[in-house]
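Encoded as structure tokens, the structure appears first; notes follow it.
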């Protein structure tokens with residue numbers, strides 16, 4: 009019995025290599041798209057929580073820490089350097105805010121509003137550019 013060599017074998021191998029190499033780019037695009045959706049949502053949810061928690065410093069402190077953890081997760085998954093750096097920076101900022109009383113809560117709300125707006129602007133530029 010003669011071993012039949014197909015001339016399509018090299019072509020199939022080449023096609024497989026192209027598909028495998030392209031999957032990495034597809035995953036990066038999906039990761040970027042996911043980060044572009046998640047990042048503003050985290051800030052929006054945090055803004056809504058902070059508005060409701062101005063009289064509960066402990067709950068506000070926890071909400072800030074939770075948002076920082078979510079932003080760290082986005083940063084870890086982000087394929088885009090700008091989104092990663094912006095998410096890491098805001099997570100550090102949120103983690104550094106301590107809310108002990110009503111005055112701290114007001115200060116925190118103002119800081120989150122300002123920093124959150126700047127963050128969303130950076131992410132929007134990275135996602136649309």
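Residue numbers (my numbering): 9 to 137. Built from N, CA and C at the ideal position, the CB exists for glycine as well.
So, helix, strand or coil for residue i, using DSSP?
i: residue 105; result: coil
i: residue 111; result: helix
i: residue 64; result: coil
i: residue 137; result: coil
Just reading off the alpha helix (DSSP H) that residue i is part of, what are its end residues?
i: residue 86; result: That residue, residue 86, is in no alpha helix (DSSP H); it is neither H nor E in DSSP.
Whose C-alpha, out of the options, is nearest the C-alpha of residue i?
i: residue 95; options: 116, 57, 129, 137; result: 129
i: residue 42; options: 92, 54, 55, 122; result: 92
i: residue 115; options: 50, 61, 97; result: 61
Short check: CB of residue i to CB of residue j, under 8 Å?
i: residue 131; j: residue 48; result: yes
i: residue 111; j: residue 40; result: no
i: residue 76; j: residue 103; result: yes
i: residue 99; j: residue 83; result: yes
To the nearest whole angstrom, what separates the beta carbons of residue i and residue j, a pair I think is in contact under 8 Å?
i: residue 134; j: residue 90; result: 4 Å
i: residue 58; j: residue 127; result: Not quite, the Cβ-Cβ distance comes to about 14 Å (not below 8 Å), so this is no contact.
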